[in-house]
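Everything on this sheet refers to the single structure shown next.
Residue numbers (the working numbering): 2 to 153.
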């Protein structure tokens, strides 16, 4: 499919900036949800990059999910004439502020915690006789069709 250079540039710039691209499987949509480009052109441009191995495609629930590969990163960097210092959002490390560790309630300080032996009261005791369950003479009767139907 012939895609104008301006539209191809918009698609590639967005793909490089984000590192991922999502497109709804609607070939008749006049415009992509995020870009000002026809949706068909976005899908076909990504199909071309997928066939070259520059993009990995995942399809689920009528949406195409495109992920940029390392080879695709190099290709788009060359196509868009970008320096090596610029990387997509998905390749950037997120720096998080260090958290204060939560106070532990073990040993010194904190609220009292009962020893674990208190859970033995809830466990079944083996006294030799069975106290719970159906009696031995209990025979359930299934009246119906199918597997539980009466035998003839």
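Note that beta-carbon positions come from the ideal geometry of N, C-alpha and C, so glycine has one too.
Which partner residues of residue i appear in the DSSP bridge assignment?
i, result
"residue 26", "Residue 26 pairs with nothing; no bridge assigned."
"residue 56", "69"
Going by DSSP in three states, residue i sits in which element: helix, strand or coil?
i, result
"residue 1", "Nothing can be reported for residue 1, as the shown portion of the chain is limited to 2 through 153."
"residue 96", "coil"
"residue 21", "strand"
"residue 46", "helix"
"residue 79", "helix"
"residue 86", "coil"
For residue i and residue j, which I take to be in contact (beta-carbon distance under 8 Å), what is that distance rounded to the nearest angstrom?
i, j, result
"residue 81", "residue 14", "6 Å"
"residue 45", "residue 2", "5 Å"
"residue 16", "residue 83", "With a Cβ gap of about 12 Å, residue 16 and residue 83 do not count as contacting."
"residue 64", "residue 58", "Not a contact, Cβ separation roughly 11 Å."
Could you tell me the alpha carbon to alpha carbon distance between residue i and residue j, rounded to whole angstroms?
i, j, result
"residue 29", "residue 99", "48 Å"
"residue 6", "residue 85", "23 Å"
"residue 93", "residue 27", "31 Å"
"residue 213", "residue 41", "Outside the shown range of the chain, which is 2 to 153, sits residue 213, and nothing can be said about it."
"residue 142", "residue 68", "58 Å"
Use the C-beta contact count for residue i: other C-beta atoms within 10 angstroms, 16 or more gives buried, fewer gives exposed.
i, result
"residue 12", "buried"
"residue 43", "buried"
"residue 56", "buried"
"residue 38", "buried"
"residue 24", "buried"
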